[in-house]
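Input: a single structure, listed below in structure tokens.
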Amino acid sequence: MTGRLFRVTLMAAVAVVAGCDAVQPADSGSLVVEAFMSPGSRPSTIRLRTTSPLEASASSAYGSVARDASVTLRINDEDLSYEETGAGLYDPPVEYDRILETGDTFRLQVLWEGISATASGVIPAPIRLDSILVSVPESPVEAVLIDSLRRDTLGVDATTGYIFPIEATIWWGSEGEADSWIQTRLSPRTEFTSVVVDFFLLPEGVFREEDAVEPGVPSGVWTGLYAVPVEDSGAVLPTHDLSVSLVRAGEAYAAFARNRSDGEGREPPSNVQGALGIAVGLSVDSLTVRVDATNVGRKAVVFER
Amino acid sequence: MSTHVNAWVWVALILVVCISRPASGQTIRLDGAEISVANALGRVSAQAGVDVVFSHDLVQDRSTRCRYDGGDVRAALGCVLQGWPLSFEQVAPRQFVLTSVERATFHELSGWVVDIDGGEGLLGSHVYLPELKVGTVTEADGAFRLAGLGPGRHRVRLSYIGYETVDTLVQVPAHPIRIELSPLHIGTRTVVVVGELGDRAEVAAIPGVVALPVSELLEIPTSLDDQDLFQALEWLPGIERTGETAGGLVVRGSGPDQNLYLLEGAPVYHPSHAFSLISTFQTETLQDVRFYRGSFPAELGGMLSSALEAELKDGRRTRPSATIAANALSARFLVETPINGSSSFMLSARRSYFDKLIGRTHPVEEDGRRDTLRTGYYFYDWSAKVSFRPASHSRLSLSYYRGRDDLDLRLPFDISLDFSSWLRPADLFFEVGHRWGNEVFSARYHYVPSDRLLLTFTAYESDYRGTESTFIRPTSSSVVASDYEVSLRDLGMKVDANFLPSDAVSVKTGVSVVDHRFGSSLEARLSRSAGLVEGVDDGSDVDALEVVAFVQTLWKPAARLRLQPGIRLTSFEGGGGLSVDPRLSVSYAIKPWIIAKMAAGTQVQHLHRLRDRYSFLYDLVSSRWVPVDDRVGPSRSAQAGFGIEARLARSLKIQADAYYRTSDDVLVPRDELQAKEGLEGPGIGVSALLGEYVRATTRSYGFEVTTEWQLDSWQAMLSYTGGVSESKSTEVGEFNFRPGRYDVPRSARAVLSWSGAHWSYTASAVVRSGYPETVPTSVYILGSPIDEPQFFLHRPLTNNGRLPAYARLDLFAGYRFGWLGADWSLKLHLYNVTNRDNILGRRYTLSEGSVRVVERGGLPLLPLLELEMKL
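Chains A and B, in that order, give the protein sequences.
Here the first sequence is numbered in this note's numbering, starting from 2 and rising by one per residue.
Here the second sequence is numbered in this note's numbering, starting from 13 and rising by one per residue.
The structure is reproduced here in structure tokens:
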């Protein structure tokens, strides 16, 4: 009885002293802008979404789009009014046939339900993957697959298994542009799920382009590392496709790409004033190559232009 | 409306009447006949029913022809004293003291009453002059002052609960005196009056200062270590910890990197052990502690928020003593002893023993393979001080402190709760070797060349060093190895002069020169695979010279008024130019039992504490301090405080403080949510680290109310803090203030103790607002040129939410007994006795568009035992 009385008293004190602080904020709804303008093509589709309440289902979040927005794109000194062509999708008029070129500047303005969002950017030079080289060890290596240290409980044992750590080196044509940033991505498309402790892997990179270029060599180079788990120490390398992606963009995109995959849904930095999202100029090249047991034990060029 | 106005007018009138109305009794009549002043004063006293205290020396051979008929005591006394160089002062509602207006006969007696053993000031001691029937009660640090005393020898009686009551003679005028009392159980009647010019009185003029005697700090309940000063301080208003029981001190909402910690005049830059679970300051080893929560006097500076000054005990001067104790975390001893009549010695050590219980190394064998796993962690402290008094006018003390933490692990990744599953040879493992600690050496020489001048020379070296070694083998073809080291060494010299040109004025001035040396290095090798090897080899060594000069004056223009203006000049090599920081504090005794205090000033901080917020390889437990330079300027703050301190009764004291502080160019994380999550960060270069921070303006304001009550065996302290701590940085688009990281709008604490001959009990409770958190308010989808669209959580503002309120109740029981000729204490501390599940942190994660909240709870109910033996 005394204990209950004390608990009640304590809870009352908590409510009086600090109860008013427990009010959690609510969302009033925001606009999300997604626009990627690339050289050598017409101004791209602009996608406008809205935020959804935390408790909303995934499907309803996909359906949260911004309709009836006014979208204007100024390319250098020319204004271009976009038209709504689908749910949250906005495109240039069909008859507009101008092709974006390196160095073009653009400024995007979106008006939607009282929200005014603006963003600007520059069209970078095109980028092209020249070569991909993979290096596969002779046999799989032992690896920690689940680390009990990084889980929420120590009640779960760590497990070990075997992986093929595969290096992939890519080259692309580059003059080492000072203001350019490069994003690289190795995406193995395999049937298995990778649960490997991955802090030593390097499937992605975001860096200044000038840091990837040797003096006097007109190309950039980057080496990444991904893993393919296998059953045991005698397993052969499963045949799998490796998708390699390369993006050239400015600093705003680099900040966006660097913080996009932290695993906890932390929102990436936005260059859109008045809204969320990203609206930048960039150039992309990507390739999918096949890696199989014939590549084991040597440095194999699996693609060369 | 008019009703309210009238009500306020009446309240104001009543207050004015109550406050200003002089004591009065029945009608006072003096018929104009010539009588002695002494006789006339006696008639006024008798007719008005008030005490008029005076020295017969003052009125001897003086007469009056006063004619008065009325009820105003002040008017009657003025009439009696008319024509004579005499005045009077009301020191209590019905008590007046006669004073001389002649400069030569107007004196104040001031000083401190302290414990003879430890030197701690005794709060609430009674200082009474029986012949004059006047007296006072000492303040928090044992300081007292009595104004309006005539010249000559005065008998002074001093009494304090648990101590011998003593009488002594003091010659007035006198410089501030130090009176040492003996506890009753010692059985001696030793009274030592030591003439000293001190600066304790200056502390009393500043609001927000905690100057509790060490004996009282030891009585404040602490959670995990009975001797932890930080854990004792966090029960005081306006002070929090960054964590539940661990972490640095958060003072009035400011971060731990804005606090100045001084031990024997030397800075301590990393004052914690056991991953900030406990502090390096052991209360038991300290003789004096002053903690400035707000404005500092001009002699202190270098940090924006608060300052902690602590002096080690210099050893008993009566007889040797020894203390040995062990608690859940550590074992310790303390020895104090006189060496001879003029010197003494203190030695203290503490060490954790967890590693002794579980072992530091574990040889393991399986299938003929051998390995040695390591699970070593310990910390230790050494404190030592030697004091010499070669002559009555000089004193030399040499102090040494060394504290270290040592973490040495070699473990497989599989650290489950089943020991047998991982105590075996491991191919895949990690090694962690972290060592960090402080070493302080300080030499101080006090010299009194004349009755009105005290010189103090201080030389010190303070060295902080941290090393972090990591070796990780997550696969048989990859290795991650790194060695990180950070250091800060201060070599300083200070000369302070305390000059008393008159009884009403003291001037303190000083110059200090400090050579700061900052070092850092990182050597790392990341072998991700056979052909993908990266390396980092970086380092820096920076020297910076800091020169400081200050002057501060304690001026008492009237008996009730103290002014303490000061100015501090700082020149820091590398950036910031010359900083000029004015300080002012004022205290005014509205009544002898009510003192109003005000302080204002500016501060500058030339050191910034930065850490790599990306890499989990290094910069984990160390404190990395970097000096200002052309890339980053100093942080500056201005603060003001106002306080009222009232002793409503002998056993009841109330203190209220209000404060406001604003700081500019404070470095705060660019992204508060950034967690260490990768092998590589931007590195240890200051430029790279600065990219992770932005300059911000912060402000905090609030009020604190503390009630202390003490009666016989009972003692209680109740405090409430209401405050706001905010921050904004235009560099990240914050144009309005938002809650700071350690914003706690409301906080209440209560401590109730009872102490008997053998048993003592304490119940302590804290209830406070939760810390701010950044809460997602919505979810959205965003694509990229090379990825499928992803879900993201939208957090519109930093610290837009708040964790649930924190509440905890602790109970303490202690039993003292004698055994084998020693005094023993057995202490049981029950932490979080209600086993409340406090929420200390939340993580919001996304899985397929659904939000998952992971909460981090606080400590459950913990029983903690301590056994102590005193010889």
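Glycine included, C-beta positions come from ideal geometry on N, C-alpha and C.
The model shown is predicted, which means the values in this text are computed figures rather than measured ones.
Fill in: For B/G90, the three-state DSSP class (helix, strand or coil)
The residue labelled residue 90 of chain B in the question sits at position 78 within the second sequence. Helix, per DSSP.
Worksheet item: What in chain B is Cβ-close to A/G278, meaning under 9 Å?
Response: The count along the first sequence starts at 1 and reaches residue 278 of chain A at position 277. Simply Y792, L794.
Discussion item. Using only the alpha-carbon positions, how far apart do B/W766 and B/W726 sit?
Written reply: Taking the second sequence and counting its residues from 1, the one referred to as residue 766 of chain B is at position 754. Taking the second sequence and counting its residues from 1, the one referred to as residue 726 of chain B is at position 714. Annotation: B/W766 to B/W726 spans about 5 Å, alpha carbon to alpha carbon.
Item to complete: Could you work out which residue in B/S583, B/V301, B/S307 is closest to B/G154 when comparing CA atoms only?
Response: Within the second sequence, residue 154 of chain B is the residue found at index 142, counting from 1. Among B/S583, B/V301, B/S307, the Cα nearest to that of B/G154 is on B/V301.
Fill in: Cβ-Cβ separation, A/V207 to A/R267 (assumed contact under 8 Å), whole Å
Counting from 1 along the first sequence, the entry for residue 267 of chain A is found at position 266. Counting from 1 along the first sequence, the entry for residue 207 of chain A is found at position 206. Actually they do not touch by this definition, with Cβ atoms about 16 Å apart.
Discussion item. What residue range does the alpha helix (DSSP H) around B/V243 cover?
Written reply: Within the second sequence, the letter at position 231 stands for residue 243 of chain B. The identity of residue 243 of chain B in the sequence shown is Gln, whereas the question assumes Val. Counting along the chain, the unbroken alpha helix (DSSP H) around B/Q243 starts and ends at 241-245.
Discussion item. Following a CB-centred definition, is B/V398 positioned closer than 8 Å to any heavy atom of the ligand ZN?
Written reply: Within the structure as shown, the ligand ZN is missing, as the structure has no ligands at all.
Worksheet item: Along chain A, in chain order, which residues have C-beta atoms closer than 8 Å to that of B/P332?
Response: For this step, residue 332 of chain B is matched to residue 320 along the second sequence. Per Cβ cutoff of 8 Å: no residues; B/P332 is ~45 Å from chain A at best.
Worksheet item: Can you give the Cα-Cα distance for A/S42 and A/R99, rounded to whole angstroms?
Response: Start at 1 with the first residue of the first sequence, and residue 42 of chain A comes out as number 41. Start at 1 with the first residue of the first sequence, and residue 99 of chain A comes out as number 98. Roughly 8 Å between the two C-alpha positions.
Discussion item. Pairs of beta-carbons, one from the segment 648-655 of chain B and one from the segment 690-706 of chain B, closer than 8 Å: are there three or more?
Written reply: no
Discussion item. Quick check on B/P604 - is its C-beta less than 9 Å from some C-beta in chain A?
Written reply: Numbered from its first residue, the second sequence carries residue 604 of chain B at position 592. Not closer than 9 Å to any Cβ of chain A, the Cβ of B/P604 fails to qualify, so no.
Discussion item. Can you confirm whether the segment 402-415 of chain B touches the segment 374-389 of chain B when touching is taken to mean that 3 or more C-beta pairs between the two stretches lie within less than 8 Å?
Written reply: no
Worksheet entry | Reduced DSSP secondary structure (H/G/I, E/B, other) of B/A658 | For the purposes of this step, residue 658 of chain B is taken as the residue at position 646 of the second sequence. Here B/A658 sits in strand by DSSP.
Discussion item. Ignoring anything shorter than 3 residues, give me the beta strand (DSSP E) runs that lie fully in the segment 502-556 of chain B, in order along the chain.
Written reply: 517-541
Discussion item. Can you give me the C-alpha to C-alpha distance between B/F357 and B/S772, rounded to a whole angstrom?
Written reply: Position 345 of the second sequence holds residue 357 of chain B. Position 760 of the second sequence holds residue 772 of chain B. Their backbone Cα atoms lie some 31 Å apart in a straight line.
Worksheet item: Would you say B/R416 and B/Y389 are within 9 Å of each other, going by their C-beta atoms?
Response: As a working mapping, residue 416 of chain B is identified with position 404 in the second sequence. As a working mapping, residue 389 of chain B is identified with position 377 in the second sequence. No.
Discussion item. Looking at A/V245: is its Cβ nearer than 9 Å to the Cβ of A/V290?
Written reply: Here residue 245 of chain A corresponds to residue number 244 of the first sequence, with the count starting at 1. Here residue 290 of chain A corresponds to residue number 289 of the first sequence, with the count starting at 1. Going by C-beta atoms, A/V245 is nearer than 9 Å to A/V290.
Worksheet item: So which residues on chain B does A/Y227 lean against when the C-beta distance must stay under 7 Å?
Response: As a first step, residue 227 of chain A must be located in the first sequence, where it is residue number 226. By Cβ distance, chain B contributes nothing, its closest Cβ being about 10 Å from A/Y227, past 7 Å.
Worksheet entry | Selected residue, minimal CA-CA separation from B/G353, among B/M315, B/E246, B/F400, B/E800 | For the purposes of this step, residue 353 of chain B is identified with residue 341 of the second sequence, where counting begins at 1. The residue with the shortest Cα to Cα distance from B/G353 is B/F400.
Practice prompt. Could you tell me the boundaries of the beta strand (DSSP E) in which B/N51 lies?
Written response: Numbered from 1 along the second sequence, position 39 holds the residue referred to as residue 51 of chain B. Residue range 49-60 is occupied by the alpha helix (DSSP H) that includes B/N51, with no beta strand (DSSP E) assigned at that position.
Worksheet item: With a CB to CB cut of under 7 Å and the five nearest residues on each side skipped, what residues in its chain are close to A/P141?
Response: Numbered from its first residue, the first sequence carries residue 141 of chain A at position 140. Excluding positions up to five away in sequence, the list reads Y163, I164, F165, V231, S234, A236.
Practice prompt. For B/L873, count neighbouring C-beta atoms within 10 Å of its own C-beta (all shown protein chains included) and say buried if the count is 16 or more, exposed if not.
Written response: In the second sequence, the residue the question calls residue 873 of chain B occupies position 861. Result: exposed.
Practice prompt. Decide if A/R151 is buried, meaning its Cβ has at least 16 other Cβ atoms within 10 Å, or exposed.
Written response: Against the first sequence, residue 151 of chain A aligns to sequence position 150. In this predicted model, A/R151 has a pLDDT of only 48, less than 50, meaning its place in the structure is not dependable; the value taken from the coordinates is given anyway. Flag for A/R151 reads exposed.
Worksheet entry | Residue-chain proximity (A/N260, chain B), Cβ-Cβ < 9 Å | Taking the first sequence and counting its residues from 1, one reaches residue 260 of chain A at position 259. With 9 Å as the cut-off, A/N260 counts as an interface residue toward chain B.
Discussion item. Tell me whether the segment 456-472 of chain B and the segment 661-668 of chain B touch, counting them as touching only if at least three CB pairs, one residue from each stretch, are closer than 8 Å.
Written reply: no
Worksheet item: Are the C-beta atoms of A/D153 and some chain B residue less than 9 Å apart?
Response: Against the first sequence, residue 153 of chain A aligns to sequence position 152. With a pLDDT of 44 at A/D153, under the threshold of 50, the predicted position of this residue should be treated as unreliable, and no value is reported.
Practice prompt. State the Cα-Cα distance for the pair B/L161 and B/P142, rounded to the nearest angstrom.
Written response: In the second sequence, counting from the first residue as 1, residue 161 of chain B sits at position 149. In the second sequence, counting from the first residue as 1, residue 142 of chain B sits at position 130. Using only the alpha carbons, I get a separation of about 13 Å.
Worksheet item: Are the CB atoms of B/L158 and B/F66 nearer to each other than 9 Å?
Response: Sequence index remark: in the second sequence, residue 158 of chain B carries index 146 (1-based). Sequence index remark: in the second sequence, residue 66 of chain B carries index 54 (1-based). No, the Cβ-Cβ distance between B/L158 and B/F66 is not below 9 Å.
Practice prompt. Would you mind telling me which residues of chain B sit closer than 8 Å to A/P313, beta carbon to beta carbon, in chain order?
Written response: With chain A covering only 2 through 306, there is no way to say anything about residue 313 of chain A.
Practice prompt. Determine the closest residue to B/A45 out of B/P875, B/T234, B/A58, B/R79, with distance taken between C-alpha atoms.
Written response: Residue 45 of chain B sits at position 33 when you count from the first residue of the second sequence. Nearest option by C-alpha distance: B/R79.
Fill in: Chain-ordered neighbours of A/V33 on chain B, where CB pairs are closer than 8 Å
Stepping through the first sequence from its first residue, residue 33 of chain A is reached at position 32. The answer, in chain order, is Y792, I793, L794.
Worksheet item: Of the residues that make up the segment 159-179 of chain A, which ones have a beta carbon closer than 7 Å to any beta carbon in chain B?
Response: A159, T161, I164, P166, E168
Worksheet item: So which residues on chain B does A/T224 lean against when the C-beta distance must stay under 8 Å?
Response: What you label residue 224 of chain A is simply residue 223 of the first sequence in a count that begins at 1. Within chain B, the residues near A/T224 are G543, L544.
Worksheet item: With C-beta atoms as the reference, is B/R673 less than 9 Å away from B/Y713?
Response: By one-based count along the second sequence, residue 673 of chain B stands at place 661. By one-based count along the second sequence, residue 713 of chain B stands at place 701. The answer is yes: Cβ separation under 9 Å.
Discussion item. Between A/Q110 and chain B, is the shortest Cβ-Cβ distance under 9 Å, so that the two count as touching?
Written reply: Looking up residue 110 of chain A in the first sequence gives position 109. With 9 Å as the cut-off, A/Q110 does not count as an interface residue toward chain B.
Worksheet item: At which residue ranges does the segment 295-374 of chain B contain complete alpha helix (DSSP H) runs of 4 or more residues, listed in the order of the chain?
Response: Secondary structure in the segment 295-374 of chain B: the alpha helix (DSSP H) runs of 4 residues or longer, each lying completely within the stretch, are 366-370 in chain order.
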